[in-house]
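Heads up: the sequence shown begins at 1 in my numbering, then just goes up one per residue.
Heads up, the beta-carbon is just placed ideally off N, CA and C, and yes, glycines get one too.
Only a predicted model underlies this, so the values are computations on that prediction, with no experimental measurement involved.
The structure appears below as C-alpha cells.
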Amino acid sequence: MTLAPRGTRPPILRGMLLIARGQARGLNCFRDSPQAFLYSLMPGLGILAGAVIEGLAEGAGTAAIDEIPATLCVLLAPSVLSYELARFWGREAFWNRYIVAFNWCQWLLPMLGFLLITVLTMARTAGLSGEGGIRIMLVCLAGYALWLNWFLARHGLALSAWRAAGLVAAVNLGTVAIILGPTLLAASLG
C-alpha cells in the first residue's frame, strides 16, 4: 500500500470538495468501474448494518429489520432511475462515473447540515435569536441538495440544463414514490 504524499487529499475527498464548490473537474477524481460503484455504496450500507445491529442489541430487532427495504430503496433507487434516463438519452457511457460521484457527494449534505447546525447553535449561544433559523437552514440545505444533484447530472452525464433538471426531478420523485407508494397504497386499500 502506498500513501499519498503529505499535504494531498485522497482523490475521493478532493473530488467531493471540488464538486461542492461547483468545479466539474472534480468528476475526474472518481473512477468509473463497477468496483468503484460498489465502494460508493459502502458507507450507506455500513450505516444500515450498524442501525440493524443497534436495533437488535436494544431488543428492537423487528423494527430494525423492517427498515431495511426502505433504506435499500433510498440507496439504490437513484442508481436505477438515473441509469434508465441516461440510457434513454444515450449517455450510459458516462453513467458509472456519474453515479459513483453522486453516491459519494451525497455525504456532503449531512456534513453541511452539521456545519449549519453548529453555526446556528453558536449564534443562539451568542444571543442571536430567531425562530426561523432551523427552517431557513433546512430550505438552504434542500436547495443546495437540488443544485448539487443538478450539477452532477449536468456535468457527469453531459446533459443540457433542462435534461439535468428533469433527471433530478424524476430521480427524487421516483425515489419518494418507490418508498412511500406501497404504504400509501396499503392505507388506501385498508
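ask   = How many whole angstroms separate the CB atoms of ARG97 and ASP32, which I take to be in contact at a CB cut-off of 8 angstroms?
value = 4 angstroms
query = For MET16, is the classification buried or exposed, using 16 other Cβ atoms within 10 angstroms of its Cβ as the cut-off for buried?
reply = buried
Any alpha helix (DSSP H) of 4 or more consecutive residues that is wholly inside the segment 116-158 = 133-156
query = Looking at the structure shown, is PHE102 part of a helix, part of a strand, or coil, going by DSSP?
reply = helix
key: Cut-off 7 angstroms between Cβ atoms - residues of its own chain near ALA101, not counting five sequence neighbours on either side   = GLY15, ILE19, LEU27, PHE30, LEU152 and GLY156
Nearest-angstrom Cα separation, counted from PRO11 out to MET1 = Bear in mind that the predicted position of MET1 carries a pLDDT of just 39, short of 50, making it unreliable; the figure below should be weighed with that in mind. When rounded, the distance between both Cα atoms is 15 angstroms.
ask   = Considering only residues of the same chain and omitting the five flanking positions on each side of PRO43, which have a CB-CB separation below 7 angstroms?
value = TRP107
query = Exposed or buried, what is ARG21 when buried is set at 16 or more other beta-carbons lying within 10 Å of its beta-carbon?
reply = exposed
ask   = How is PRO11 classed by DSSP in three states: helix, strand or coil?
value = helix
query = At which residues does the alpha helix (DSSP H) containing ALA36 begin and terminate?
reply = 34-57
key: Residue interval of the alpha helix (DSSP H) (run including GLY61)   = 61-66
ask   = Any chance the segment 71-83 sits against the segment 135-147, with 3 or more Cβ pairs inside 8 angstroms?
value = no
key: As assigned by DSSP and simplified to three states, the class of GLY174   = helix
ask   = Taking Cβ to Cβ, would you say GLY50 is nearer than 9 angstroms to ALA63?
value = no
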